[in-house]
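**Student:**
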Amino acid sequence: MYEEQSHARVVLVVPKQHVKTVKSSLERFGQLDRYCKITPEQEGRSSGDTITPNASSIPEGPSGDPVKFPVLEFDVVSGKYVVPRERERAQQGVLLDKQRMRVPTTIPYPWVLHEASGPLDDREAHEFKSKMLKDLVLSYLFQDISISYQNSDATSEAPSVIRSPVQLALKQALDALPESALLSLGLTTRELVSSFPDGYSVYKPMLLLPHNAFTSPPWRTLLSTHPADSQLLKPLWQHIASAVDTTHIAINSPIPSTTTSTQQENILRSPLHLTPLHGSFGPPPTPVTLSSPTASDFRDALWVTTTQNGIHQTWAPLYTMFSRGNMREKTRILHLPSVAASFDVPSAAVDLYAGIGYFAFSYRKSGQGRQNGVARVLCWEINPWSVEGLRRGAKMNGWSCRIITLEESNIASNSGVGEEDFWVFQMSNEDAERSDALMGTGARPKLPVRHVNLGLLPTSKLAWGTAVGMLDEGRGGWIHAHENVGVKDIDARTKEVEGEFQRLVDDLKGMGKGSVKVEHVERVKMYAPGVVHVVFDVHIGGR
Numbered sequence: 001m002y003e004e005q006s007h008a009r010v011v012l013v014v015p016k017q018h019v020k021t022v023k024s025s026l027e028r029f030g031q032l033d034r035y036c037k038i039t040p041e042q043e044g045r046s047s048g049d050t051i052t053p054n055a056s057s058i059p060e061g062p063s064g065d066p067v068k069f070p071v072l073e074f075d076v077v078s079g080k081y082v083v084p085r086e087r088e089r090a091q092q093g094v095l096l097d098k099q100r101m102r103v104p105t106t107i108p109y110p111w112v113l114h115e116a117s118g119p120l121d122d123r124e125a126h127e128f129k130s131k132m133l134k135d136l137v138l139s140y141l142f143q144d145i146s147i148s149y150q151n152s153d154a155t156s157e158a159p160s161v162i163r164s165p166v167q168l169a170l171k172q173a174l175d176a177l178p179e180s181a182l183l184s185l186g187l188t189t190r191e192l193v194s195s196f197p198d199g200y201s202v203y204k205p206m207l208l209l210p211h212n213a214f215t216s217p218p219w220r221t222l223l224s225t226h227p228a229d230s231q232l233l234k235p236l237w238q239h240i241a242s243a244v245d246t247t248h249i250a251i252n253s254p255i256p257s258t259t260t261s262t263q264q265e266n267i268l269r270s271p272l273h274l275t276p277l278h279g280s281f282g283p284p285p286t287p288v289t290l291s292s293p294t295a296s297d298f299r300d301a302l303w304v305t306t307t308q309n310g311i312h313q314t315w316a317p318l319y320t321m322f323s324r325g326n327m328r329e330k331t332r333i334l335h336l337p338s339v340a341a342s343f344d345v346p347s348a349a350v351d352l353y354a355g356i357g358y359f360a361f362s363y364r365k366s367g368q369g370r371q372n373g374v375a376r377v378l379c380w381e382i383n384p385w386s387v388e389g390l391r392r393g394a395k396m397n398g399w400s401c402r403i404i405t406l407e408e409s410n411i412a413s414n415s416g417v418g419e420e421d422f423w424v425f426q427m428s429n430e431d432a433e434r435s436d437a438l439m440g441t442g443a444r445p446k447l448p449v450r451h452v453n454l455g456l457l458p459t460s461k462l463a464w465g466t467a468v469g470m471l472d473e474g475r476g477g478w479i480h481a482h483e484n485v486g487v488k489d490i491d492a493r494t495k496e497v498e499g500e501f502q503r504l505v506d507d508l509k510g511m512g513k514g515s516v517k518v519e520h521v522e523r524v525k526m527y528a529p530g531v532v533h534v535v536f537d538v539h540i541g542g543r
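If you number the sequence shown the way our numbering does, the last residue is 543 and the count never jumps.
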């Protein structure tokens, strides 16, 4: 039988490489202690005794000056005296690999209920740990995580909960509400602010709140009585938006159904799990506007923007998605040696899942100012809203763009097509390798394709054969295949990917055996517990 020691809280001791995953899970379930820092675990003192000779025991040299010997320490492991710095350098790599961090939580630590309460025994600790990690969706890290605890002084005042401009504006707006609004629900401003997450994103003119903004008990209590679009809370959203120089607010996942006051909100959240809270986002999506939008549909929708690595991107948040976590891969493409290098002639890159230009823009920017860099990007995208976002984004960056629809599939017959930075094919990529865009038009020869980007999750495998066929046969090139892979399966999956691409290459005329190699596997971000978004850089040699 257990009892909760009132001021003891669980601390998860985890390897440094898992800190981000554990922290994210605790944040998702509202159990990260925001008042305490994540700190390194303190190691015990070394069993070796430090031996330092005193001055009187140091011998003198011929000139009478002391002979300068290094101060040695006795290493009980090797049984020798060693120079401390050398031992530190030898152990540094091992220590870094073994570094463990203490992640504080708000989870009460259970103590055994008996006359002299004490920590749990092994069996009880195992049961408690199993249940806790299961609740946090971290069971797969059971062997890597150990449990500790820390005591907090109940009489000490917690530090300020204000950690961002949004939280400051939230406090100000809550304080301005009628006193009875929170008092009648047993709530306080401090409870609501302290349980509100620190993170947020600004995509002008929209403030995007994280999915867990309203998952804590205090916010559920408030929103169950006063829906997000209620008259009471409208001034709150307006004040928060103004504080970060925005005019619109949305949350990155549906708010609880109990907070819904109109059926229209259910429609707004359905396409992309984004719920508007403040400001006009335009007419809600319909099957017609999703698949066949008109110019007026584009004009009436809200468009937001962001700038990453000096590249502007824009999209309609009710119709297309944007992942901030992909910036790591965008940056890598810009500086990837195989992309940034100049070849004997200008080249082209292909993006078979272009979206709004997520990665395509990085390929084009890498070629700017270089005579034989990436001069053109050929894009395939079936979502008309993404195509429009790509067109607008290209214009914002000073790039030219031509949209080719299915009805205009013969590019040679289209006047004015030629030197644009982007050729965007608004159609399926199934027949992309047979497109006239790869064959050249009249006096304009085909640019050799050196890179093919496959940015589809959970896997882009259906397009692998197409990608292999699009690479320049003489020079070869690289395919960057995105995929979700189990953390423990990456090595095995790398071998499988290399073998599958080799089989595809062997089936194509002109490609020799032994020309495929996965040169690098980039871990972009954690996609889910135990699952990582990776990019396989597959090099295929030419003839």
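Glycine included, C-beta positions come from ideal geometry on N, C-alpha and C.
At what residues does the beta strand (DSSP E) containing Tyr527 begin and finish?
**Tutor:** Val516 to Ala528
**Student:** For Pro205, which residues from the same chain have a beta carbon less than 6 Å from its beta carbon, with the 5 sequence-adjacent residues on both sides left out?
**Tutor:** Thr246, Thr247 and His248
**Student:** Specify, as a first and last residue, the run of the beta strand (DSSP E) that Phe422 falls within.
**Tutor:** Phe422 to Gln426
**Student:** Does DSSP put Gly64 in a helix, in a strand, or in coil?
**Tutor:** Here the model assigns Gly64 a pLDDT of 47, short of 50, so the residue's position is not dependable and the matter cannot be decided.
**Student:** Nearest CA to the CA of Ser400: which residue from Leu406, Trp385, Arg376 and Ile382?
**Tutor:** Arg376
**Student:** Name the residue from Gly282, Gln231, Met427 and Lys365 whose alpha carbon lies nearest to the alpha carbon of Pro178.
**Tutor:** Pro178 has its Cα closest to that of Gln231, out of Gly282, Gln231, Met427 and Lys365.
**Student:** Nearest chain C C-beta to Arg391 closer than 8 Å, yes or no?
**Tutor:** Absent from the structure is chain C; it holds one protein chain and no more.
**Student:** Report back the beta-carbon spacing between Ala349 and Tyr363 to the nearest angstrom; my notes put them in contact at under 8 Å.
**Tutor:** 4 Å
**Student:** Return the chain-ordered ranges of every alpha helix (DSSP H) run that is complete within the stretch 202-229 and spans a minimum of 4 residues.
**Tutor:** 217-225
**Student:** Put Thr286 into one of helix, strand or coil per three-state DSSP.
**Tutor:** coil
**Student:** Kindly indicate the opening and closing residues of the alpha helix (DSSP H) around Glu27.
**Tutor:** Val19 to Arg28
**Student:** Give me the DSSP bridge partner(s) of His539.
**Tutor:** Trp478 and Lys517
**Student:** Quick check: Leu223 and Phe214, are their CB atoms within less than 8 Å of each other?
**Tutor:** yes
**Student:** Using 10 angstroms around the beta-carbon of Ala354, count the other beta-carbons present and answer buried if the total reaches 16, otherwise exposed.
**Tutor:** buried
**Student:** What residue from Val11, Glu420 and Val244 has the CA that sits closest to Leu32's CA?
**Tutor:** Nearest neighbour of Leu32 by Cα position, chosen from Val11, Glu420 and Val244, turns out to be Val11.
**Student:** Helix or strand or just coil, what does DSSP make of Ala301?
**Tutor:** coil
**Student:** Leaving out five residues before and five after Ala316 in sequence, what residues of the same chain have Cβ atoms less than 6 Å from its Cβ?
**Tutor:** Ala301, Trp303 and Trp385
**Student:** My guess is that His520 and Asp507 are in contact by the Cβ rule of under 8 Å, so how many angstroms apart are they, rounded?
**Tutor:** Not really, about 25 Å apart at Cβ, beyond 8 Å.
**Student:** Between the stretch 187-205 and the stretch 139-151, do at least 3 Cβ pairs fall closer than 8 Å?
**Tutor:** The stretch 187-205 makes no contact with the stretch 139-151, as fewer than three CB pairs between them are under 8 Å.
**Student:** Short check: CB of Tyr203 to CB of Thr306, under 8 Å?
**Tutor:** In terms of Cβ geometry, Tyr203 and Thr306 form a close pair [threshold 8 Å].
**Student:** How long is the line joining the alpha carbons of Ile403 and Val452, rounded to whole angstroms?
**Tutor:** 19 Å
**Student:** How far does the alpha helix (DSSP H) with Ser338 in it extend, from its first residue to its last?
**Tutor:** Pro337 to Ala340
**Student:** Three-state secondary structure (DSSP) at Arg434?
**Tutor:** helix
**Student:** Check whether the stretch 277-284 touches the stretch 365-384, counting contact only when three or more Cβ pairs, one atom from each stretch, lie closer than 8 Å.
**Tutor:** With the rule of 3 Cβ pairs closer than 8 Å, the stretch 277-284 does not count as touching the stretch 365-384.
**Student:** Pull up the DSSP beta-bridge partners for Cys379, would you.
**Tutor:** Asp351 and Val424
**Student:** In three-state DSSP terms, what is Val497?
**Tutor:** helix
**Student:** Determine, using beta carbons only, whether His312 and Asn397 come nearer to each other than 8 Å.
**Tutor:** yes
**Student:** Please state the DSSP three-state secondary structure of His369.
**Tutor:** A quick correction: the sequence has Gly, not His, at residue 369. Note: Gly369 maps to coil in three-state DSSP.
**Student:** Are there 16 or more other CB atoms within 10 angstroms of the CB of Lys446, so buried, or fewer, so exposed?
**Tutor:** exposed
**Student:** Comparing alpha-carbon positions, which option in Pro15, Gln238 and Leu141 lies nearest Val166?
**Tutor:** Ranking the options by Cα distance to Val166, first place goes to Gln238.
**Student:** Are Lys525 and Gly389 closer than 8 Å when you measure CB to CB?
**Tutor:** Going by C-beta atoms, Lys525 is not nearer than 8 Å to Gly389.
**Student:** Where does Asp472 land, buried or exposed, given buried means 16+ other C-beta within 10 angstroms?
**Tutor:** Around the Cβ of Asp472, a 10 Å sphere holds 16 or more other Cβ atoms; the residue is buried.
**Student:** Which residues in the same chain have their Cβ closer than 6 Å to the Cβ of Lys16, if we skip the five residues on either side of it in sequence?
**Tutor:** Gln99 and Met101
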